[in-house]
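Student: For reference, the structure I am asking about is given below.
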Amino acid sequence: MIVVNNISKKYTIGDQDLSLRTLRETIAAVFSRSNVNSKSEFFSLKNVNFEIGKGETVGIIGANGAGKTTLLKILSQITFPTTGSASLYGRVGSLIEIGAGFHPELTGHENIFLNGSLLGMTHNEIRGKYHEIISFAEIEEFVKTPIKYYSNGMNIRLGFSIAAHFEPEIFLLDEVLAVGDINFQAKCVKKIDQLARSGHTILLVSHDTDRIQSNCERCIWLERGEVKMDGRSDIVVNEYNKSAD
Amino acid sequence: MESELSKSFSQAEGEKASYDPETPLIRISPDKRWHDLDWRRIWRQKDLLKSFVLRDIRLRYRQTLLGVLWAIIQPLAPLVIYTIVFNRFFSEYNKGVPYSVYVFCGLVPWLYFSNAITQSGNSLSHHSYLLGKIYFPRLMLPMSSVIAGGLDFIVGFALLMILAIAYGIGIGFSILIVPFLWLLTAILALSIGAIFASMSVVFRDVRNLLPFAVQMVFFLTPVIYPPEALPQKWQWIVNINPVTGIIENVRAALLGGDFAWAALAVTLIWTIILSFIAMIVFARVQKHTADYI
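Chains E and L, in that order, give the protein sequences. Each number in this note's numbering corresponds to the 1-based position in the first sequence with 83 added. Each number in this note's numbering corresponds to the 1-based position in the second sequence with 124 added.
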């Protein structure tokens, strides 16, 4: 179960270069307050509230910049809300990028353990699912090869396969189904359906409203950081498409 | 819709009551507290630490021209140079110990300490590509750098023992203090590295500052010279230096003589203070790494 309670995320524009600041510039900024006024604030998310029950598959749609990815990053603990809170009941697996942490010089085998433990699996769990992972990814013959020799498709298959076999109670997916060839996409959709039916909670961010409609019963529509609509997928998608026209 | 939601909510509430205590509950909020370092998750995800360490070690030695030989060359090359250049300057302090062995006792812990600080201090910026993609306790990055360097320390220390035996220096039970000294060095280096890592997230020039600072501290540490070689009025520099307590005690353990307990106490005090500062600073910064980097 996921409970999102009044979450807002504020970014300060004109402050993006913060990571490129030097000590001297920061010290200078303390003494001359002049540039403080030139900053403007903007809310990537604004008072977002919802609850997702155990075993629900929920889609999140919205235009670019509506805050979909920010929401997913907050639920994944990558970034934190400015105000509000969220509670997640269960292990969370978040797939914002497929194959996060893959290192090109390491073999497929080594990367399975690295990426799997990044997702939150123990090495024992990985060993238990190792054969399922490589056969789902169709890379059996190449596990001893450094993945820099893998094709793009093989990389994606392996990354998705590891995450799908992690079987977290809560699965957060960001546009990941937009990659890979048609056959593999179909395989992924089947796997997600299977996870959903066995009681996993799934949150799926996508631009593809058809996919949302066929995979999710419920859908949340974000617009400019706010929940515009929350309800049955067909109704929400219908309204969303109408507004886009 | 309303009733459906509340139904699913009460269902889940009922489940929460019978909640498996093993299953983690994640709560996300903007508060900053020192325990945000997420020790519980570090423990649960300790296999990730193992994966990071294995990756670092594999990448260090795979596909390099000399492979594992690097671990041997890295401490031996400076040893040879320091011995050639400084041997005659410090012969009066020798107490019968060959200068090369004396220097190596300082060089092995120093190389470990300085590499651990540099690697862990850069660990967050090196992994910026990961920080925006997936969550794991960020402290695991500097931790894994410090642990991965331990292999170099083990290799270096083995070389040191070979060198000592070659010079006919007997190895006694006092050597058992070395693992403890290593642990102390690791915690000290992790604390300093974590402070630098947090600062490097916010300030770009920390990356340039770090190697410079390490080089400066090298000359203020009795690695290539005995502490007694310093003039009386500058003695306090080596006395407050936290690395002195480590190096002097490695020397005592291997070359005989009394342990430098006072210097060890200084190291211990520094380690306690710096590890607290590191925890506070790192906990404050780690929640925002993805926003900055």
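Backbone N, C-alpha and C define an ideal beta-carbon position, used for all residues, glycine too.
(1) Going by beta-carbon coordinates alone, are residue 90 (chain E) and residue 135 (chain E) separated by less than 8 Å?
(2) So the candidates are L:208, L:321, L:305 and L:389; which of them puts its Cα closest to the Cα of residue 404 (chain L)?
(3) Please confirm whether residue 238 (chain E) and residue 275 (chain E) have their CB atoms less than 8 Å apart.
(4) Under DSSP, the beta strand (DSSP E) around residue 256 (chain E) begins and ends at which residues?
(5) If we count Cβ pairs, one from each stretch, closer than 8 Å, do we get three or more for the segment 184 to 198 of chain E versus the segment 225 to 232 of chain E?
(6) I'd like the list of long-range same chain contacts for residue 197 (chain L), defined as Cβ closer than 8 Å, with 5 residues on each side in sequence excluded.
(7) Going by beta carbon distance, what residues of the same chain come within less than 7 Å of residue 268 (chain L), once the five residues before and after it are set aside?
(8) Consider the Cβ of residue 160 (chain E): report whether some Cβ of chain L lies at a distance smaller than 8 Å.
(9) In angstroms with no decimal places, state the Cα-to-Cα distance between residue 224 (chain L) and residue 216 (chain L).
(10) Identify whether residue 313 (chain E) lies in helix, strand or coil by the three-state DSSP scheme.
(11) In whole angstroms, give me the CA-to-CA distance for residue 148 (chain L) and residue 284 (chain E).
(12) Chain L partners of residue 197 (chain E), CB-CB under 7 Å?
(13) Let me know the secondary structure DSSP gives residue 302 (chain E) once reduced to three states.
(14) Taking a Cβ distance cut-off of 8 Å, strictly less, list which residues of the segment 234 to 255 of chain E are near chain L, in chain order.
(15) If I'm right that residue 318 (chain L) touches residue 263 (chain L) with Cβ under 8 Å, what's the distance once you round it to whole angstroms?
(16) Would residue 368 (chain L) and residue 346 (chain L) qualify as a contact pair, given that the criterion is a beta-carbon distance under 8 Å?
(17) Mind pulling the chain L residues with CB within less than 7 Å of residue 175 (chain E)?
(18) Any beta carbon of chain E sitting closer than 8 Å to that of residue 153 (chain L)?
(19) Please state whether the Cβ-Cβ distance between residue 290 (chain L) and residue 270 (chain L) is less than 8 Å.
(20) From residue 150 (chain L) to residue 253 (chain E), what distance separates their C-alpha atoms?
(21) Using DSSP with H/G/I as helix, E/B as strand and the rest coil, what is residue 125 (chain E)?
(22) Between the Cα of residue 293 (chain L) and those of L:379, L:343 and L:411, spot the shortest distance and give me the residue it belongs to.
(23) Should residue 132 (chain E) be labelled buried (16 or more other beta-carbon atoms within 10 Å of its own) or exposed?
(24) Per DSSP, what kind of secondary structure is residue 170 (chain L) in: helix, strand or coil?
(25) Beta-carbon separation of residue 238 (chain L) and residue 314 (chain L) under 8 Å?
(26) Sort out for me which residues DSSP pairs residue 286 (chain E) with in a bridge.
(27) Enumerate in chain order the residues of its own chain whose CB-to-CB distance from residue 384 (chain L) is below 7 Å, with the five nearest sequence positions on each side excluded.
(28) Three Cβ pairs or more, each shorter than 8 Å: is that satisfied between the segment 176 to 185 of chain E and the segment 249 to 262 of chain L?
(29) So, is residue 391 (chain L) buried or exposed, given that buried needs 16 or more other C-beta atoms within 10 angstroms?
(30) List the residues of chain L whose Cβ lies closer than 7 Å to the Cβ of residue 183 (chain E), in chain order.
(31) List the whole-angstrom C-beta distance separating residue 141 (chain E) from residue 318 (chain E), where the pair is believed to meet the contact cut-off of C-beta under 8 Å.
(32) Taking the beta carbon of residue 400 (chain L) as the centre, do at least 16 other beta carbons fall within 10 Å, making it buried, or is it exposed?
(33) Using a threshold of 8 Å, state whether the C-beta atoms of residue 242 (chain E) and residue 264 (chain E) are closer than that.
(34) What do you reckon, are the CB atoms on residue 295 (chain E) and residue 281 (chain E) nearer than 8 Å?
(35) Roughly how many angstroms separate the alpha carbons of residue 396 (chain L) and residue 309 (chain L), rounded to a whole number?
(36) Bridge partners of residue 320 (chain L), per DSSP?
Tutor: If we stick to the structure as given:
(1) One-based indexing of the first sequence puts residue 90 (chain E) at position 7. One-based indexing of the first sequence puts residue 135 (chain E) at position 52. By the CB criterion at 8 Å, residue 90 (chain E) and residue 135 (chain E) fall outside the cutoff.
(2) Position 280 of the second sequence, counting from 1, holds the residue named residue 404 (chain L). That would be L:321, whose Cα lies nearest to the Cα of residue 404 (chain L).
(3) As a position in the first sequence, residue 238 (chain E) is number 155, starting the count at 1. As a position in the first sequence, residue 275 (chain E) is number 192, starting the count at 1. No, the pair does not count as a contact, with Cβ atoms beyond the cut-off.
(4) On the first sequence, residue 256 (chain E) is found 173 positions in, with the first residue counted as 1. Unbroken beta strand (DSSP E) run through residue 256 (chain E): 253 to 257.
(5) Because the criterion of three Cβ pairs below 8 Å is met, the segment 184 to 198 of chain E and the segment 225 to 232 of chain E touch.
(6) In the second sequence, residue 197 (chain L) corresponds to position 73, counting from 1. Counting only residues of its own chain and dropping the five nearest sequence neighbours on each side, residue 197 (chain L) has a CB closer than 8 Å to the CB of 190.
(7) Position 144 of the second sequence holds residue 268 (chain L). Only 173, 176, 177 and 180 meet the Cβ criterion.
(8) Locating residue 160 (chain E) in the first sequence gives position 77, where the first residue counts as 1. Output row for residue 160 (chain E): interface = yes.
(9) Here residue 224 (chain L) is taken as the residue at index 100 of the second sequence, counted from 1. Here residue 216 (chain L) is taken as the residue at index 92 of the second sequence, counted from 1. Distance between the alpha carbons of residue 224 (chain L) and residue 216 (chain L): 14 Å.
(10) The sequence position of residue 313 (chain E) within the first sequence is 230, counting from 1. Residue state, collapsed to three classes: strand.
(11) Numbered from its first residue, the second sequence carries residue 148 (chain L) at position 24. Numbered from its first residue, the first sequence carries residue 284 (chain E) at position 201. Model confidence at residue 148 (chain L) stands at a pLDDT of 47, short of 50, so the residue's coordinates are unreliable; what they give is reported in the following sentence. If I take the Cα positions, the gap works out to 15 Å.
(12) Taking the first residue of the first sequence as 1, we reach residue 197 (chain E) at position 114. By Cβ distance, chain L contributes 175 and 179.
(13) In the first sequence, counting from the first residue as 1, residue 302 (chain E) sits at position 219. If DSSP states are grouped into helix, strand and coil, residue 302 (chain E) belongs with the strands.
(14) Legend: CB atoms of the segment 234 to 255 of chain E lying less than 8 Å from CB atoms of chain L belong to residues 252.
(15) As a working note, residue 318 (chain L) is residue 194 in the second sequence. As a working note, residue 263 (chain L) is residue 139 in the second sequence. About 7 Å separates the two Cβ atoms, so the contact holds.
(16) Taking the first residue of the second sequence as 1, we reach residue 368 (chain L) at position 244. Taking the first residue of the second sequence as 1, we reach residue 346 (chain L) at position 222. Yes, these two residues count as a Cβ contact at 8 Å.
(17) Counted from its first residue, the first sequence places residue 175 (chain E) at position 92. What residue 175 (chain E) touches in chain L: 150.
(18) Here residue 153 (chain L) refers to the residue found at position 29 of the second sequence. Yes, its Cβ sits closer than 8 Å to a Cβ of chain E.
(19) Stepping through the second sequence from its first residue, residue 290 (chain L) is reached at position 166. Stepping through the second sequence from its first residue, residue 270 (chain L) is reached at position 146. Annotated as distal: residue 290 (chain L) and residue 270 (chain L), with beta-carbon spacing of 8 Å or more.
(20) Here residue 150 (chain L) corresponds to residue number 26 of the second sequence, with the count starting at 1. Here residue 253 (chain E) corresponds to residue number 170 of the first sequence, with the count starting at 1. Their Cα atoms are separated by approximately 11 Å.
(21) Walking along the first sequence from the start, residue 125 (chain E) turns up at place 42. DSSP places residue 125 (chain E) within a strand segment (E or B) once states are collapsed to three.
(22) One-based indexing of the second sequence puts residue 293 (chain L) at position 169. With distances taken between Cα atoms, residue 293 (chain L) lies closest to L:379.
(23) Along the first sequence, one-based indexing puts residue 132 (chain E) at 49. Classification of residue 132 (chain E): exposed, given that the 10 Å Cβ count is below 16.
(24) Taking the second sequence and counting its residues from 1, one reaches residue 170 (chain L) at position 46. Residue 170 (chain L) falls in the helix class under three-state DSSP.
(25) By one-based count along the second sequence, residue 238 (chain L) stands at place 114. By one-based count along the second sequence, residue 314 (chain L) stands at place 190. Taking the C-beta atoms as reference points, residue 314 (chain L) is found no nearer than 8 Å to residue 238 (chain L).
(26) Counting from 1 along the first sequence, the entry for residue 286 (chain E) is found at position 203. DSSP lists E:141 and E:255 as partners of residue 286 (chain E).
(27) Along the second sequence, one-based indexing puts residue 384 (chain L) at 260. Answer for residue 384 (chain L): 369, 372, 373 and 376, listed in chain order.
(28) The way I'd put it, the segment 176 to 185 of chain E does touch the segment 249 to 262 of chain L; three or more beta-carbon pairs between them come closer than 8 Å.
(29) As a working mapping, residue 391 (chain L) is identified with position 267 in the second sequence. Looking at its Cβ environment, which holds 16 or more other Cβ atoms inside 10 Å, residue 391 (chain L) is buried.
(30) Counting from 1 along the first sequence, the entry for residue 183 (chain E) is found at position 100. By Cβ distance, chain L contributes 254, 257 and 258.
(31) Reading the first sequence from its first residue, position 58 is the one you call residue 141 (chain E). Reading the first sequence from its first residue, position 235 is the one you call residue 318 (chain E). Going by Cβ atoms, the distance from residue 141 (chain E) to residue 318 (chain E) rounds to 14 Å, so no, they are not a contact pair.
(32) Residue numbering aside, residue 400 (chain L) sits at position 276 when the second sequence is read from its first letter. Its Cβ having fewer than 16 others within 10 Å, residue 400 (chain L) is exposed.
(33) Working through the first sequence from its first residue, we reach residue 242 (chain E) at position 159. Working through the first sequence from its first residue, we reach residue 264 (chain E) at position 181. For residue 242 (chain E) and residue 264 (chain E), no; Cβs fall outside 8 Å.
(34) Along the first sequence, one-based indexing puts residue 295 (chain E) at 212. Along the first sequence, one-based indexing puts residue 281 (chain E) at 198. No. Outside cutoff.
(35) As a first step, residue 396 (chain L) is located in the second sequence; it is residue number 272 there, counting from the start. As a first step, residue 309 (chain L) is located in the second sequence; it is residue number 185 there, counting from the start. Distance between the alpha carbons of residue 396 (chain L) and residue 309 (chain L): 12 Å.
(36) In the second sequence, the residue the question calls residue 320 (chain L) occupies position 196. Beta-bridge pairing by DSSP links residue 320 (chain L) to no other residue.
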